[in-house]
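Heads up: the structure comes next, in structure tokens.
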Amino acid sequence: MASLAKGPNGRHRILVNVGDRRETVSLNSKIRRSEAKKILHHIEELATAVNYGTQRAPQTSRWLAELAPKFHAKLAAKGLCEPVELPGTVAPKSLGAMINTIKANEWATLAGSTVAIYERASDNLQDYFGSDRKPESITLGDAQAFVTWLRAHENLAQATANKRAAIASKFFRSAIRYKWLEDNPFDGVKKTNVATTRFRFVETADAEAVLQELPTLEWKLLFALSRWGGLRVASEPRQLKWGHVDWEQNRLLVPCPKTANAGRAVRVVPIFPELYLRQLDSVSFACESPLVSAVANALQLCLAMPAP
Numbered sequence: 001m002a003s004l005a006k007g008p009n010g011r012h013r014i015l016v017n018v019g020d021r022r023e024t025v026s027l028n029s030k031i032r033r034s035e036a037k038k039i040l041h042h043i044e045e046l047a048t049a050v051n052y053g054t055q056r057a058p059q060t061s062r063w064l065a066e067l068a069p070k071f072h073a074k075l076a077a078k079g080l081c082e083p084v085e086l087p088g089t090v091a092p093k094s095l096g097a098m099i100n101t102i103k104a105n106e107w108a109t110l111a112g113s114t115v116a117i118y119e120r121a122s123d124n125l126q127d128y129f130g131s132d133r134k135p136e137s138i139t140l141g142d143a144q145a146f147v148t149w150l151r152a153h154e155n156l157a158q159a160t161a162n163k164r165a166a167i168a169s170k171f172f173r174s175a176i177r178y179k180w181l182e183d184n185p186f187d188g189v190k191k192t193n194v195a196t197t198r199f200r201f202v203e204t205a206d207a208e209a210v211l212q213e214l215p216t217l218e219w220k221l222l223f224a225l226s227r228w229g230g231l232r233v234a235s236e237p238r239q240l241k242w243g244h245v246d247w248e249q250n251r252l253l254v255p256c257p258k259t260a261n262a263g264r265a266v267r268v269v270p271i272f273p274e275l276y277l278r279q280l281d282s283v284s285f286a287c288e289s290p291l292v293s294a295v296a297n298a299l300q301l302c303l304a305m306p307a308p
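Using UniProt numbering, the letters of the sequence shown correspond one by one to residues 1 to 308.
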């Protein structure tokens with residue numbers, strides 16, 4: 001449906017069928033072939049959606065939303081997507097208004113856990129700068145001071161402060177895309193690499209020793225789901241129902257809210273002996289009963305942990 005070629009001037013171009021037309025999308029002369037192939041993949045997805053009336057892949061929808069306006073307009077002119085619709089031609093006059101408008105236009109497809117993380121970053125921005133601050137008045141120095149404030153006054157780890165700054169930068173990138181601002185003050189913020197020397201692989205013997213010390217089967221289950229099942233605690237155990245346990249295939253179907261928008265809403269985990277589920281096989285539970293309902297106390301402790 002689409003192919004990559006080089007024109008006489010050496011620039012990559014993509015040939016694609018849109019309806020009964022053969023369109024050519026020329027790429028920037030500085031685009032490498034590896035990057036051109038990625039663009040080709042997304043354009044093929046767009047063409048498939050147009051030609052067959054199917055939904056775009058979530059990854060392509062996100063790629064399209066983040067495109068530079070000029071290239072987005074080029075694809076729209078070829079019939080591959082709709083023209084970009086800006087929230088409004090008048091820029092919001094305050095930081096709070098800018099954030100609220102971006103929330104309304106861009107957060108509808110985000111997972112609940114992602115929204116919660118973004119909310120914390122937006123709250124930090126408004127706590128530090130003030131909701132009435134003019135976005136265009138925020139400088140690189142202000143942005144760097146914001147990150148320092150997160151570490152000093154919010155008592156956040158370096159990695160968490162960096163993550164909040166990256167989310168703050170997203171707000172300003174959106175404002176540039178909507179032509180409200182010309183510059184992103186967070187583009188120049190230096191982020192310190194977080195040392196990974198404290199990371200450790202927990203050997204099986206050590207994990208089994210931990211299991212022996214845990215007081216109840218419920219605690220053992222929660223620990224085992226993390227260590228052997230690879231579940232994200234506490235978001236993924238929260239989603240589990242007894243109906244997700246497939247005894248016949250000896251597997252666990254794990255809902256994945258974090259990756260649902262990327263087309264990976266569920267993943268399969270083998271029921272290893274260490275998961276302790278076999279010890280509960282003879283117990284009768286309703287299909288919709290929470291798998292870890294008996295782990296309420298453990299989950300309460302997880303939920304009480306500091307937010308990322």
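Ideal Cβ positions, reconstructed from N, Cα and C, are used throughout, including at glycine.
Query raised in the report: Looking at C-alpha atoms only, which residue of R177, N250, V210, T54 is the closest neighbour of A73?
Result: R177
Query - Which listed residue (W180, A159, R164, T48) has its alpha carbon closest to that of A97 - result: W180
Query raised in the report: Should the region 90-107 be called in touch with the region 43-54, which here means at least 3 C-beta pairs below 8 Å?
Result: no
Query - Cβ neighbours of Y118 in the same chain (closer than 6 Å, five flanking residues each side left out) - result: I167
Query raised in the report: Per DSSP, which one or two residues make a beta bridge with D246?
Result: R251
Query - Element boundaries [alpha helix (DSSP H), containing L64] - result: 58-65
Query raised in the report: By Cβ distance below 8 Å, which residues in the same chain neighbour residue 322 in space, the five residues on each side in sequence not counted?
Result: Here the chain has residues from 1 to 308 only, and residue 322 is not among them.
Requested in this report: Jot down the residue ranges of each uninterrupted alpha helix (DSSP H) in the region 133-190, minimum 4 residues, whole runs only, in chain order.
Outcome: 140-152, 158-177
Query raised in the report: N100: which of L125, A76, K78 sits nearest, CA to CA?
Result: L125
**Report entry** Per-residue burial, K6 [other beta carbons within 10 Å of its own, 16 or more giving buried]
**Finding:** exposed
Query - Residue span of the beta strand (DSSP E) that contains N28, given as start and end - result: Run containing N28: none; DSSP gives neither H nor E here.
Query raised in the report: Under a Cβ-count criterion, where at least 16 other Cβ atoms within 10 Å of its own Cβ denotes burial, should G229 be classed as buried or exposed?
Result: buried
Query raised in the report: Would N250 pass as a contact of P237 if the rule is Cβ separation under 8 Å?
Result: no
Requested in this report: Per DSSP, which residues does P270 bridge with? Please list them.
Outcome: R251
**Report entry** For N17, three-class secondary structure by DSSP
**Finding:** strand
Query raised in the report: Taking the continuous beta strand (DSSP E) assigned at S131, which residues delimit it?
Result: Where S131 is concerned, there is no enclosing beta strand (DSSP E), given that its DSSP letter is neither H nor E.
Report task. Throw me the rounded Cβ distance for the R164 and R120 pair, which I believe falls under 8 Å. Result -> 7 Å
Report task. Inspect the beta-carbon positions of A2 and L40 and report whether they are closer than 8 Å. Result -> yes
Report task. Check each candidate in K241, P215, I138, F186 and name the one with the smallest Cα separation from A161. Result -> F186
Query raised in the report: If you draw a straight line from the C-alpha of D127 to the C-alpha of L95, how long is it?
Result: 11 Å
Requested in this report: Could you tell me the distance, in whole angstroms, from the CA atom of V245 to the CA atom of Q239?
Outcome: 12 Å
Query - Under the three-state DSSP convention, the category T24 falls into - result: strand
Query - Beta-bridge partners of A2, as assigned by DSSP - result: V16
**Report entry** Per-residue burial, N9 [other beta carbons within 10 Å of its own, 16 or more giving buried]
**Finding:** exposed
**Report entry** Reference R11, options S29, N51, D183, R22, closest by Cα
**Finding:** S29
Query - Bounding residues of the alpha helix (DSSP H) (the contiguous stretch that carries P83) - result: Segment: none, P83 is in no alpha helix (DSSP H) and carries neither H nor E.
Query raised in the report: Alpha carbon to alpha carbon, what distance is there between P83 and D20?
Result: 20 Å
**Report entry** Proximal residues to F285 (C-beta, below 7 Å), its chain only, five neighbours per side dropped
**Finding:** With a pLDDT of 44 at F285, under the threshold of 50, the predicted position of this residue should be treated as unreliable, though the coordinate-derived value follows. Excluding residues within five positions, the ones whose Cβ falls inside 7 Å are W242.
Query - Collapsed DSSP secondary structure at E203 in the structure displayed - result: coil
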